[in-house]
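See below for the structure under consideration.
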Amino acid sequence: MRRELGRIYAVAWKDLLSEIRTKEMFGGMAVFALLTIITFNFAFDLTGVDRAASGAGALWVAISFAAMLGLGRSIAVERDRGSLDGLLLCPVDRGVLYLGKLLSNLIFILLVEAISVPVFGALYDLPIYRPTLLLGLLLGTIGFAGIGTLFAVMASTTRAREILFPVLLFPVAVPVVIATVRVASMTLSGTTGDVGRWLNLLVGFDVVFLTIAFLVFDRIVEE
Amino acid sequence: MKQGSTRGLPGWRFAQGVGALAGVVMAIALYMAFVYAPADALQGDVQRIFYLHVPMAWVAFLAFFVTFIGGIGYLWKRHRGWDQLARASAEIGLVFTTIVLLSGSLWGKPIWGTWWTWDARLTTTLLLWFIYLAYFMLRSYVSDPERAARYAAVLGIFGFIDVPIIYKSVDWWRTLHPGPVVSTGGAAMPGSMVVTLLVALAATTLIYAYMLYQRFWIERTKDEIADYHYRLYERQLAREMREGASV
Chain S
46 MRRELGRIYA VAWKDLLSEI RTKEMFGGMA VFALLTIITF NFAFDLTGVD
96 RAASGAGALW VAISFAAMLG LGRSIAVERD RGSLDGLLLC PVDRGVLYLG
146 KLLSNLIFIL LVEAISVPVF GALYDLPIYR PTLLLGLLLG TIGFAGIGTL
196 FAVMASTTRA REILFPVLLF PVAVPVVIAT VRVASMTLSG TTGDVGRWLN
246 LLVGFDVVFL TIAFLVFDRI VEE
Chain E
216 MKQGSTRGLP GWRFAQGVGA LAGVVMAIAL YMAFVYAPAD ALQGDVQRIF
266 YLHVPMAWVA FLAFFVTFIG GIGYLWKRHR GWDQLARASA EIGLVFTTIV
316 LLSGSLWGKP IWGTWWTWDA RLTTTLLLWF IYLAYFMLRS YVSDPERAAR
366 YAAVLGIFGF IDVPIIYKSV DWWRTLHPGP VVSTGGAAMP GSMVVTLLVA
416 LAATTLIYAY MLYQRFWIER TKDEIADYHY RLYERQLARE MREGASV
């Protein structure tokens with residue numbers, strides 16, 4: 046078990062190190078997330094009293110779009126540079142590779158959130174530092190990255206992978222989107238009645254989808 | 216084998232029987248839906264679309280379940296037949312889901328006063344439609360058929376498991392669709408309507424079974440033709456190399 050954790054960490058560390066050296070992904074993702082948040086300002090009226098409800102949606106759309114960019118990129122570079130073949134030659138379980146890639150993707154998306162969520166709170170004057178909101182975001186991000194990592198690997202070998210990836214990801218990720226936005230908007234508007242139910246749904250989604258993704262991953266990457 | 220037909224294939228006679236039966240039962244279902252069943256007290260004749268809409272929805276769901284099973288079977292056994300079954304069934308499911316969405320809209324306009332509403336069933340059905348549309352996009356974007364089968368199997372499994380979760384989440388979000396009409400103890404609907412619905416369900420299921428048989432063999436034949444092409448190509452390549460070497 047300890048050894049497996051070390052291996053997962055090694056795969057994730059490889060991605061982080063390569064990002065530290067090339068600075069390809071994170072900057073683009075963060076700026077894109079901020080731009081999306083700002084664009085929503087022109088699309089909706091986010092200054093009125095109901096901004097708690099619509100603002101939560103704007104925040105999650107920004108994060109999920111940025112996450113989608115990062116997820117697609119993080120797998121595409123592995124294919125293009127041939128490093129995926131190297132990873133597959135490693136004498137480790139394929140599930141370990143999946144969890145390693147998931148961990149590094151998760152770290153990138155959480156870093157983007159660490160920047161865009163406070164900026165969002167400041168721009169729209171919303172009290173975002175609430176435990177339920179942050180927990181909802183974390184659980185939603187895990188679920189989104191969990192299926193996103195798997196589908197990005199699938200999309201990366203196809204023609205037109207940039208187009209196919211969101212088409213695969215978004216319909217399947219709908220429960221995550223609904224639940225995360227609900228948790229955030231309920232927390233922001235102060236009606237916390239059903240939040241527990243949505244958090245349960247997120248936990249259930251994460252457990253079910255990560256388990257299946259973990260199980261089928263070696264069927265996806267075999268060449 | 217006669218050109219352009221599935222004659223002589225295993226189960227052909229049985230499938231022909233199923234097809235003929237489907238035609239007869241469908242004719243009975245049409246008669247019952249338009250003549251035998253009474254017009255709804257509140258909705259009038261518009262309600263008759265329900266005899267198309269509800270069976271199509273159930274059978275579409277059955278079709279996606281078969282795709283789910285085919286996907287698991289393929290990932291487990293690696294036999295192409297499982298994938299051909301999954302493909303054939305997903306295609307029929309997608310067509311039936313399209314009919315469900317369109318017929319529901321036609322009914323919704325006069326009854327609800329709108330073509331569409333973001334209710335749990337409607338939203339789930341629409342997302343189901345998108346997932347299986349992605350299923351066929353995925354297939355057509357992957358050039359290696361074996362890999363396409365593996366990827367499609369994974370999406371078929373994810374898509375099907377996602378349906379109850381999508382339904383639950385949209386249901387908590389908002390709901391408007393009329394509740395389950397059959398399970399409410401029968402008091403909600405006169406017996407003649409229930410019988411008509413069941414006959415229409417039988418007809419739709421038979422049509423599905425017949426189409427599945429046909430699609431399955433067409434997919435199978437497509438794969439065989441692709442194999443022949445590949446072997447021809449290989450042979451030609453080998454010949455060219457030999458000729459090139461002799462020159």
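Just so you know, the protein sequences line up as chains S and E, in that order.
Using this note's numbering, the letters of the first sequence map in sequence onto residues 46 to 268.
Using this note's numbering, the letters of the second sequence map in sequence onto residues 216 to 462.
The beta-carbon is built from N, C-alpha and C at its ideal position, and this holds for glycine as well.
- At least 8 Å separates the beta-carbon of Ser318 of chain E from that of Trp331 of chain E.
- Three or more beta-carbon pairs drawn from the stretch 343 to 352 of chain E and the stretch 369 to 386 of chain E are found closer than 8 Å, and the two stretches are therefore classed as touching.
- Closer than 8 Å to the CB of Leu209 of chain S there is at least one CB belonging to chain E.
- DSSP places Ala103 of chain S inside the alpha helix (DSSP H), whose first and last residues are Arg96 to Asp125.
- Counting only runs that start and end inside the stretch 130 to 203 of chain S, the alpha helix (DSSP H) elements of at least 4 residues fall at 139 to 169 and 176 to 201.
- Here DSSP, grouped into helix, strand and coil, assigns Gly259 of chain E to strand.
- Counting only the Cα atoms, Asp130 of chain S lies some 8 Å from Arg124 of chain S.
- In this model, Ala424 of chain E and Arg48 of chain S are separated by some 51 Å (Cα to Cα).
- When the beta-carbon positions are compared, Leu309 of chain E and Leu341 of chain E stay at least 8 Å from each other.
- Short of 7 Å from the beta carbon of Ile264 of chain E, and not among the five residues preceding or following it, lie these beta carbons of its own chain, in chain order: Ser318, Leu321 and Trp322.
- Chain-order list of chain S residues neighbouring Lys383 of chain E: Pro220 and Leu246, by C-beta distance under 8 Å.
- For His268 of chain E, the enclosing alpha helix (DSSP H) begins and ends at Phe265 to Lys292.
- In the DSSP annotation of this structure, the continuous segment of the alpha helix (DSSP H) that includes Phe87 of chain S starts and ends at Phe71 to Ala88.
- Annotated three-state conformation of Val357 of chain E is coil, per DSSP.
- Using a Cβ-Cβ cut-off of 8 Å, Met231 of chain S does not count as an interface residue toward chain E, since no Cβ of chain E sits closer than that to its own.
- Between Ile307 of chain E and Val414 of chain E a beta carbon distance of about 20 Å is seen, past the 8 Å cut, so the two are scored as non-contacting.
- Nearest Cα to Glu434 of chain E within the set E:Met426, E:Gln299 and E:Thr282: E:Gln299.
- Under the Cβ criterion of 8 Å, Leu309 of chain E is not counted among the residues facing chain S.
- Less than 8 Å divides the Cβ of Gly140 of chain S from the Cβ of Phe262 of chain S.
- Assignment of Pro225 of chain E by DSSP, reduced to helix, strand and coil, places it in the coil class.
- Here the alpha carbons of Glu158 of chain S and Arg242 of chain S stand approximately 23 Å from one another.
- Looking at the backbone, the Cα of Glu439 of chain E and that of Arg293 of chain E are separated by about 17 Å.
- For Val378 of chain E, the closest Cβ of chain S is not nearer than 8 Å.
- DSSP places Trp330 of chain E in no alpha helix (DSSP H); its state is neither H nor E.
- For Val240 of chain S, the uninterrupted alpha helix (DSSP H) segment begins and ends at Val240 to Val266.
- Interface criterion met: the Cβ of Val261 of chain S is under 8 Å from a Cβ in chain E.
- Taking the Cα positions, Ile53 of chain S is about 34 Å away from Ala301 of chain E.
- Closer than 8 Å to the CB of Met113 of chain S there is not a single CB belonging to chain E.
- In the three-state scheme derived from DSSP, where H, G and I count as helix and E and B as strand, Ala205 of chain S is classed as coil.
- Your pair Phe431 of chain E and Ala256 of chain E does not check out as a contact, with CB atoms roughly 44 Å apart and the cut at 8 Å.
- Put simply, of S:Glu267, S:Pro216, S:Thr177 and S:Thr81 the residue whose alpha carbon is nearest the alpha carbon of Glu361 of chain E is S:Glu267.
- The C-alpha of Thr186 of chain S is placed about 11 Å away from the C-alpha of Leu147 of chain S.
- Under the 10 Å beta carbon count, Glu458 of chain E is surrounded by fewer than 16 other beta carbons and is classified as exposed.
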